[in-house]
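**Student:** Below: one structure in structure tokens.
Numbering (the UniProt record's numbering), first residue to last: 1 to 294.
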């Protein structure tokens, strides 16, 4: 399949929906809404919403039923990036080649823009995520857990606590990656499966797929931080090493990290063995994860 064209089409659909769902930039308080939209429309690849749409398609679901939840996931991901870039955390000046939110709007507004995006996501989830109330409740629960202290936020805390330490082991590193990055990817795939009315076996298989690509995605990010350029990454290359972050290349070496990423992709593909051609986008995305340059 033509993954580039598939991603382009899905990204356009997600962007159009986000345009509808987000508050207008001129609605008061305009500075807050402007800051929210600035980061949401800063050029993201929309990996998480696309995965949600693709997972639903793989089990025969429709994009319309999934789109609100897909956009909510992108809002949560964007909030996490705004906060991750703050001086109190990673203190980044650029994100996706543009000045970070706090560099444009100030730290206070950036914090509140992240808070507002997180809240807006759950407004959207409660109002429009699928027609079945039981499925909607499952999706809200799935995304809430993945976003909180047992998911993404927990991973962020352990990531910060591990900076500069030389005693970080593979179990701790795996926890960081599967929570800070993997949790939202896992939830995206699982929510697509829920809203697409997947069978129990399909749901389990898609969960195995999601767990594998979630970890592969972050390992690939670790590798890109070593091998990529600032222009390719849209942020400072080598920033993980400069901060003493716990990464796979730092702990296992570059070649072993690449081998592990490829092994995870094979695990993901194997999880999709019983799916038909409707799962081709998921298969292509798994391979893309370790080949991307940004």
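Backbone N, C-alpha and C define an ideal beta-carbon position, used for all residues, glycine too.
(1) Please report the distance separating the alpha-carbon of residue 273 from that of residue 199.
(2) Taking the alpha-carbon positions, what's the residue 114 to residue 95 distance?
(3) When the Cβ atoms of the region 105 to 123 are set against those of the region 148 to 162, are three or more pairs found closer than 8 Å?
(4) Between residue 296 and residue 74, how many whole angstroms is the CB-CB distance? I'm expecting something under 8 Å.
(5) I'd like to confirm the pairing. Which residues does DSSP put opposite residue 95 in its beta bridges?
(6) Classify residue 89 as buried or exposed, calling it buried when 16 or more other Cβ atoms lie within 10 Å of its own Cβ.
(7) Does residue 151 come out as helix, strand or coil in the three-state DSSP assignment?
(8) List, from N- to C-terminal side, the alpha helix (DSSP H) runs of 4 residues or more that fit wholly inside the region 14 to 98.
(9) Can at least three beta-carbon pairs, one atom from the region 96 to 109 and one from the region 153 to 165, be found at a separation below 8 Å?
(10) Whose C-beta lies closer than 6 Å to the C-beta of residue 271 among residues of the same chain, with five residues either side of it excluded?
(11) Report yes if the C-beta distance between residue 71 and residue 105 is below 7 Å; otherwise report no.
(12) How is the alpha helix (DSSP H) around residue 203 delimited, first residue to last?
(13) Compute the Euclidean distance between the alpha carbons of residue 62 and residue 54, then round it to the nearest angstrom.
(14) Can you give me the C-alpha to C-alpha distance between residue 179 and residue 24, rounded to a whole angstrom?
(15) Once you ignore the five residues that flank residue 39 on each side, which residues in its own chain have a CB closer than 6 Å to its CB?
(16) What is the DSSP secondary structure of residue 145, reduced to helix, strand or coil?
(17) Our contact map puts residue 1 next to residue 280 with C-beta atoms below 8 Å; I'd like the distance itself, whole angstroms only.
**Tutor:** Walking through what the data contain:
(1) Residue 273 sits at position 273 when you count from the first residue of the chain shown. Residue 199 sits at position 199 when you count from the first residue of the chain shown. If I take the Cα positions, the gap works out to 15 Å.
(2) For the purposes of this step, residue 114 is taken as residue 114 along the chain shown, with counting starting at 1. For the purposes of this step, residue 95 is taken as residue 95 along the chain shown, with counting starting at 1. Approximately 15 Å, taken between the alpha carbons.
(3) no
(4) No answer is possible for residue 296: the residues shown for the chain start at 1 and end at 294.
(5) Within the chain shown, the letter at position 95 stands for residue 95. In DSSP, residue 95 forms a bridge with 98.
(6) As a first step, residue 89 must be located in the chain shown, where it is residue number 89. Exposed: under 16 other Cβ atoms inside 10 Å.
(7) Stepping through the chain shown from its first residue, residue 151 is reached at position 151. DSSP places residue 151 in coil when its eight states are reduced to three.
(8) 30 to 40, 47 to 58, 63 to 84
(9) no
(10) Looking up residue 271 in the chain shown gives position 271. 205, 208, 209, listed in sequence order.
(11) Working through the chain shown from its first residue, we reach residue 71 at position 71. Working through the chain shown from its first residue, we reach residue 105 at position 105. Result no, Cβ atoms of residue 71 and residue 105 do not sit closer than 7 Å.
(12) On the chain shown, position 203 is the one that residue 203 refers to. Its alpha helix (DSSP H) spans residues 200 to 227.
(13) On the chain shown, position 62 is the one that residue 62 refers to. On the chain shown, position 54 is the one that residue 54 refers to. The alpha-carbon atoms of residue 62 and residue 54 are separated by roughly 10 Å.
(14) By 1-based counting over the chain shown, the position of residue 179 is 179. By 1-based counting over the chain shown, the position of residue 24 is 24. Each residue's alpha carbon lies about 32 Å from the other.
(15) The residue labelled residue 39 in the question sits at position 39 within the chain shown. Only 78, 82, 101 meet the Cβ criterion.
(16) The count along the chain shown starts at 1 and reaches residue 145 at position 145. Three-state result, residue 145: helix.
(17) Here residue 1 refers to the residue found at position 1 of the chain shown. Here residue 280 refers to the residue found at position 280 of the chain shown. Residue 1 to residue 280, Cβ: 5 Å. Contact.
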